[in-house]
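Last residue of the sequence shown: number 96 in UniProt numbering, and the count goes up by one each step with no gaps.
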Amino acid sequence: MLMLTIIVSFFKSFFIILGMFLLMLVYAFAGVILFGCVKFGPELGRHANFKTVPNAIVLLMRIVTGEDWNKIMHDCMVVPPRCTRGTSYWESDCGN
1 MLMLTIIVSF
11 FKSFFIILGM
21 FLLMLVYAFA
31 GVILFGCVKF
41 GPELGRHANF
51 KTVPNAIVLL
61 MRIVTGEDWN
71 KIMHDCMVVP
81 PRCTRGTSYW
91 ESDCGN
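Encoded structure:
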């Protein structure tokens with residue numbers, strides 16, 4: 001009986017985990033669109049950035065687990081004179 005309970009709960013948990021992954025994927029796409037061109041800082045770098053979707057998913061996992069999420073937030077909020085403002089949003093490396 002215990003094994004049946006574990007198997008049933010595993011299958012129900014699978015759909016919850018799948019839903020959470022899809023939500024993370026949507027946020028990763030949004031992060032690539034909004035923060036893909038942001039200048040690197042102390043926390044945003046070669047491996048932790050929003051330039052590609054896989055890197056964005058890894059960075060979002062860091063944020064969800066609480067690992068220096070406030071420092072990542074401050075790196076995404078970079079403003080002039082620490083960044084180069086372009087003629088449009090897509091030509092700038094400033095944050096939001």
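All C-beta atoms, glycine included, are put in the ideal place defined by N, C-alpha and C. On a predicted model such as this, the values are computed, not experimentally measured, just so you know.
Distance from the CA atom of Phe40 to the CA atom of Met1, rounded to whole angstroms, is 54 angstroms.
Contact annotation: the stretch 43 to 53 does not touch the stretch 6 to 20, with fewer than three C-beta pairs closer than 8 angstroms. Comparing C-alpha distances from Met77 to each of Thr87, Val8, Phe29, Ser92 shows the shortest one belongs to Ser92.
A residue is called buried when at least 16 other Cβ atoms come within 10 angstroms of its Cβ; Phe35 meets this threshold and is buried. Residue nearest to Leu22 within the set Gly86, Met61, Arg46, Asp68 is Met61 (criterion: CA-CA distance). Exclusion of the five residues before and after Glu43 leaves Asp68, Lys71, Ile72, Asp75 as the residues of its chain whose Cβ lies within less than 7 angstroms of its Cβ. A Cβ-Cβ distance of about 5 angstroms is found for the pair Val38 and Gly95, placing them in contact under the 8 angstroms criterion.
Counting along the chain, the unbroken alpha helix (DSSP H) around Ser9 starts and ends at 2 to 35.
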